[in-house]
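**Student:** Protein chains in written order, with this note's numbering: chain A, 86 to 337; chain B, 1158 to 1412. Handing you this structure, nothing more for now.
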């Protein structure tokens, strides 16, 4: 599945040669990120697409139910829900992981998450809230692959070096070396740790989930307050959870 | 980025939509040849579109097989109305499943279809599995009839009648007069039934979830093998579930 990852998240200004599809994706992404009804003017600013173009594309997208008009702006439309609910790979991963997520949550009371990689981010496939009410926990949200435990668990097992390079691009040389060393360590341990580098006060531990062909498909993670969640206790639990989901995916 | 001819066309969105909708109501993957056949587009065109959609992760590729992609999942999970309704209804749906043992469904009405928002599986193996995200004709489903019966204007009913009342099974109500008569009954009883009208062997009962006591927001249903549905037992459970969900929706202004 490594060929999937050719997606570029860099928010560079679209050039004249930018395709209609790029613009459509940028507009849908802009509406998603807004998290509330967003006006054409604001959408044009966010996506750096000319307002007249945004206006025309939004009208087309509303017409075909990808967007809907709401409170003086637009929000994501029902067609995206219909299509997204039928996306096979996330669903397959979710089916395999659901009982594992439940068991892990029951055993620890902490936040448990299931993730897939997209561009330089990890996308939440499922999330169960734990003791961390301050963290948004819901499927569809994104976090950076560079600092999160799930991102590092994924990248350590990712066969496509271009993805690793793209994610670690913001790092200076020495930091990039440290990052690669850390991924090496994650490969040995089959567990990645994020000690408060993504969110202050929060410790997260994650383990990769592999597809039947042994390519990495995503990661399962657990997160809790860094003072009170014991890493020595959750590390073997999350490592085991990752391998159980992997086994269930292979068996399915 | 590839600058293939198809991207210059003003009908990019129509072609993309044709490709997406080719995947139908299942989660199965498709090859380019089958995709082209279903989308009614030249294979070379579909092959280019698919490559671009894979780049954007609007499609996922596994070898030669294509699937609806992670990016659609991500966007789909973020659509406000289904997300909020699902979260709000989930505890009531689980309780209704535990009380009845039946599969519990949540749907809303759009045009002449119901869109399935959420499903909590029952004990029995309901044939066939209802797939979240799929659309079903309103006139052939308990969910649709419950929503139509309480629609404040007859615009929705008119659309359904104009859609032609297609036959799904021998039991489907295809006669407009009969449908209107049944909707009147649903309005007085508060519960709509679907007796093998959508899928042979499956019976379903539904109640509309009303906001402010009158505006249908969504509908909740129980579904199972015909032999498992006891009208007198499911109707009161459904009605009370729908009423308490209506109250919860009104308590949350943002829905």
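Ideal Cβ positions, reconstructed from N, Cα and C, are used throughout, including at glycine. All figures in this text were calculated on a predicted structure; none of them were measured in a lab.
1) Using a cut-off of 7 Å between C-beta atoms, extract the partners of residue 1386/B located in chain A.
2) Roughly how many angstroms separate the alpha carbons of residue 176/A and residue 227/A, rounded to a whole number?
3) From this set, 1202/B, 1288/B, 1260/B and 1192/B, which residue's C-alpha is nearest residue 1169/B's C-alpha?
4) If residue 1186/B sits next to residue 1219/B, beta carbons under 8 Å apart, how far is it from one beta carbon to the other, in whole angstroms?
5) Report yes or no: is there a C-beta of chain A within less than 8 Å of the C-beta of residue 1188/B?
6) Under DSSP, the beta strand (DSSP E) around residue 1350/B begins and ends at which residues?
7) Going along chain A in order, which residues have a C-beta closer than 8 Å to the C-beta of residue 1288/B?
8) Let me know the secondary structure DSSP gives residue 1166/B once reduced to three states.
9) Output the distance between the C-alpha atoms of residue 1280/B and residue 1260/B, rounded to the nearest integer angstrom.
10) Give the residues of chain B in contact with residue 145/A, contact being defined as C-beta atoms less than 7 Å apart.
11) Run through DSSP, which three-state label would residue 203/A get?
12) Any beta carbon of chain A sitting closer than 8 Å to that of residue 1177/B?
13) Can you find a CB in chain A that lies within less than 8 Å of the CB of residue 1237/B?
14) Just tell me which of 105/A, 259/A and 245/A has its CA closest to the CA of residue 135/A.
15) Where does residue 292/A sit, in a helix, a strand or coil, going by DSSP?
16) Give me the subset of the segment 167 to 196 of chain A whose CB atoms are less than 7 Å from a CB atom of chain B, sorted by chain position.
17) Please classify residue 1365/B: does DSSP put it in a helix, a strand, or coil?
18) For residue 1215/B, which residues from the same chain have a beta carbon less than 7 Å from its beta carbon, with the 5 sequence-adjacent residues on both sides left out?
19) Could you give the first and the last residue of the continuous beta strand (DSSP E) run that contains residue 1223/B?
20) Straight-line CA distance for residue 311/A to residue 286/A?
21) Residues of the segment 1200 to 1227 of chain B with a CB closer than 8 Å to any CB of chain A: list them in chain order, please.
**Tutor:** Reading from the atomic positions:
1) Chain-ordered listing is empty here: chain A has no CB closer than 7 Å to the CB of residue 1386/B, the nearest sitting near 26 Å.
2) Their Cα atoms are separated by approximately 17 Å.
3) For the residues 1202/B, 1288/B, 1260/B and 1192/B, the minimum Cα distance to residue 1169/B belongs to 1202/B.
4) About 7 Å separates the two Cβ atoms, so the contact holds.
5) Taking Cβ atoms only, chain A never reaches closer than 8 Å to residue 1188/B, which makes this a no.
6) 1349 to 1352 is the extent of the beta strand (DSSP E) around residue 1350/B.
7) Near residue 1288/B (Cβ distances below 8 Å), the residues of chain A are 170 and 171.
8) In this prediction, residue 1166/B scores a pLDDT of 43, lower than 50, which makes its location untrustworthy; the coordinate-derived value is nonetheless stated afterwards. Residue 1166/B: coil per DSSP, three-state reduction.
9) Computed Cα separation, rounded: 7 Å.
10) Here the neighbours are 1170.
11) Strand at residue 203/A.
12) Cβ-Cβ to chain A under 8 Å: yes for residue 1177/B.
13) It does; some Cβ of chain A falls within 8 Å.
14) Comparing alpha-carbon positions, the option among 105/A, 259/A and 245/A lying closest to residue 135/A turns out to be 105/A.
15) The three-state secondary structure of residue 292/A, taken from DSSP, is strand.
16) Cβ contacts with chain B: 167, 168, 169, 170, 171, 172, 173, 174, 175 and 176.
17) Looking at residue 1365/B - three-state DSSP - the assignment turns out to be strand.
18) The beta carbon of residue 1215/B sits closer than 7 Å to the beta carbons of 1226, 1228 and 1229 from its chain, once the five residues preceding and following it are set aside; these are given in chain order.
19) For residue 1223/B, the enclosing beta strand (DSSP E) has its first and last residue at 1222 to 1225.
20) Near 5 Å, if we compare the C-alpha coordinates of residue 286/A and residue 311/A.
21) Listed by position along the chain: 1209, 1210, 1211, 1212, 1213, 1214, 1215, 1217, 1218, 1219, 1224, 1225, 1226 and 1227.
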